[in-house]
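Residue numbers (my numbering): 161 to 418. Heads up, the beta-carbon is just placed ideally off N, CA and C, and yes, glycines get one too. Every value quoted in this text rests on a predicted model; they were computed, and no experiment measured them.
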């Protein structure tokens, strides 16, 4: 697999575009991405130009979970996938990214956790040329990345991996409100991966995952290989009357290519 292209950073200058920009969406998007490139330099990797996104629901590809949440994660909304390490939140996010990119959409990953593996994503079906990968060093930079990506109005899905990097500052409610408004205005699904419920009442959907059972396979007499795991999903918060609903689903394991 070819590595995700690494962009070159230009000279630093103030942001060129934002949510209130009067530029056409394509120009505003390119200026926002350019601003991110200048600010983060080698910590940001990108694919190609983004296409116009929509606010349609994004199916997870897991029938039981899609039924639980009304057909998929709501487009144009702030959502959370909550759970401890090895609960399946990353696998579920990769499934969302894969389905969106296979449908021709443009997506972004704000990798605050510094946990993204392009080889595993490729094996999961993510079209890497349609993925913009940002690696901010802390929560404040991650928040800024999300704000600018939503302002670009060119992505169907933005995933913010905010888990697994130790204790980080808690964002004020106003920051989550701004993200939720920006996602709605852009028609972009913003999915936050976290270990605990962070966005409070600003999240349209908070889905908690817990590992229920591991599934192993392999030839008789050979070492057992982990092939997947069953997870229990519970809706912590949902504005469609689904709060408290639960389902189980099996997630596949996508090891990196050799």
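Return the CA-CA distance between residue i and residue j, expressed in angstroms with no decimal places.
i, j, result
"residue 265", "residue 380", "42 Å"
"residue 361", "residue 349", "16 Å"
"residue 219", "residue 392", "17 Å"
"residue 407", "residue 224", "6 Å"
"residue 295", "residue 343", "20 Å"
"residue 275", "residue 235", "25 Å"
"residue 187", "residue 383", "54 Å"
"residue 409", "residue 394", "11 Å"
"residue 228", "residue 324", "27 Å"
"residue 397", "residue 322", "19 Å"
"residue 333", "residue 301", "17 Å"
"residue 405", "residue 248", "18 Å"
"residue 297", "residue 256", "24 Å"
"residue 190", "residue 341", "21 Å"
With distances taken Cα to Cα, identify the nearest neighbour of residue i among the options.
i, options, result
"residue 280", "218, 250, 301", "250"
"residue 222", "339, 390, 352", "390"
"residue 368", "240, 226, 235", "240"
"residue 286", "356, 359, 258", "258"
"residue 260", "244, 233, 272", "233"
"residue 277", "254, 334, 263, 346", "254"
"residue 312", "243, 242, 346", "346"
"residue 262", "190, 191, 290", "290"
Would you identify the three-state DSSP class for residue i, choosing helix, strand or coil?
i, result
"residue 222", "coil"
"residue 187", "helix"
"residue 395", "strand"
"residue 209", "Note that residue 209 has pLDDT 39, beneath the 50 cutoff, so the model's placement of it is unreliable and the number below is only indicative. Coil, per DSSP."
"residue 290", "helix"
"residue 320", "strand"
"residue 358", "coil"
"residue 302", "helix"
"residue 331", "coil"
"residue 371", "strand"
"residue 246", "coil"
"residue 363", "coil"
"residue 351", "strand"
"residue 267", "strand"
"residue 409", "strand"
"residue 272", "coil"
Excluding the five sequence neighbours on either side, which residues of its own chain have a C-beta within less than 8 Å of the C-beta of residue i, listed in chain order?
i, result
"residue 337", "362"
"residue 226", "219, 220, 232"
Whole-angstrom Cβ separation of residue i and residue j, contact assumed at under 8 Å?
i, j, result
"residue 331", "residue 237", "Their Cβ separation, rounded to whole angstroms, is 17 Å, which puts residue 331 and residue 237 out of contact at 8 Å."
"residue 371", "residue 195", "That belief does not hold up - the Cβ atoms of residue 371 and residue 195 are roughly 39 Å apart, past 8 Å."
"residue 329", "residue 299", "6 Å"
Within a Cβ cutoff of 7 Å, which residues of the same chain sit near residue i, ignoring the five residues on either side of it in sequence?
i, result
"residue 231", "217, 219"
"residue 306", "270, 318, 320, 339, 350"
"residue 303", "331, 335"
"residue 359", "238, 240, 336, 352"
"residue 354", "240, 242, 322, 323"
"residue 244", "355"
Counting only the same chain and skipping the five closest in sequence on each side, list residues whose C-beta sits under 6 Å from that of residue i.
i, result
"residue 273", "321, 323, 324, 325"
"residue 212", "With a pLDDT of only 42 at residue 212, under 50, the local geometry of the prediction cannot be trusted, and the value read off the model is given with reservation. Within the same chain, residue 212 has no close Cβ partners at all."
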